[in-house]
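Right, one structure below, let's go through it.
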Amino acid sequence: MKMFSLRRNAKQESSGLLASSLFDERTFYKSFKSDLRGAQHSVEIYSPFMTERRALELSVLFKELRKQCVIVTIYTRHPDHHDGFLRTQSWRAIEVLTSSGVDVIARKDMMHQKLAFIDEVILREGSLNILSQSKSKEVMRRIESPALVEQMARFTSR
510 MKMFSLRRNA KQESSGLLAS SLFDERTFYK SFKSDLRGAQ HSVEIYSPFM
560 TERRALELSV LFKELRKQCV IVTIYTRHPD HHDGFLRTQS WRAIEVLTSS
610 GVDVIARKDM MHQKLAFIDE VILREGSLNI LSQSKSKEVM RRIESPALVE
660 QMARFTSR
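Under the numbering used here, the residue at position 55 of the sequence shown is numbered 564, and the numbers go up by one with no gaps.
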């Protein structure tokens, strides 16, 4: 098997048509928070798992966004789809987020998408659960493309 190295956070070009950036669990949040601070209209996050710790961390920014009239919506699995600790954490996260002015939509399907749309211009997609990531190795791609945001929104039937 041929091995190669890819710098984390490296800009990649795809046939000269699209630039994207890759992030791992160590570099994602700094970049994501920067995108959140720049949001002007809307933020949508798809995170099937949520923890109180991550909700508290991001709720500070969500409160700031709500003061600026930015709509923040989070799609997640219904807490009752989880057992024990994850169920409790999900309910606690929902409390934190809703008290921060965030609209939380607890879906009854077994959604597993890990996505974010910012101002319908920036798409984040990958394996990282934005509202629960803790110890796992993950990857997230950042793409700035209204067309790809629209494509992903249609595909996921948001």
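Ideal Cβ positions, reconstructed from N, Cα and C, are used throughout, including at glycine.
Please state the DSSP three-state secondary structure of residue 554.
Within the sequence shown, numbered from 1, the residue matching residue 554 stands at position 45. Of the three classes helix, strand and coil, the one that applies to residue 554 here is strand, per DSSP.
In the structure shown, what three-state DSSP assignment does residue 653 receive?
Position 144 of the sequence shown, counting from 1, holds the residue named residue 653. Three-state DSSP puts residue 653 in a strand.
Is the beta carbon of residue 637 sitting closer than 8 Å to the one on residue 571?
If you number the sequence shown from 1, residue 637 lands on position 128. If you number the sequence shown from 1, residue 571 lands on position 62. No, Cβ-Cβ distance for residue 637 and residue 571 is not below 8 Å.
So, do the stretch 572-589 and the stretch 597-614 have three or more beta carbon pairs nearer to each other than 8 Å?
yes
Would you check if there are 3 or more beta carbon pairs closer than 8 Å linking the stretch 620-631 to the stretch 549-560?
yes
Measure the C-alpha to C-alpha separation of residue 616 and residue 587 and round it to an integer number of angstroms.
By 1-based counting over the sequence shown, the position of residue 616 is 107. By 1-based counting over the sequence shown, the position of residue 587 is 78. Rounded to whole angstroms, residue 616 to residue 587 spans 5 Å at the Cα level.
Name the residue from 527, 528, 531 and 535 whose alpha carbon lies nearest to the alpha carbon of residue 643.
By 1-based counting over the sequence shown, the position of residue 643 is 134. Per the C-alpha coordinates, the member of 527, 528, 531 and 535 positioned closest to residue 643 is 535.
Simplified DSSP assignment, three categories, for residue 665:
Position 156 of the sequence shown, counted from the start, is the residue given in the question as residue 665. Here residue 665 sits in helix by DSSP.
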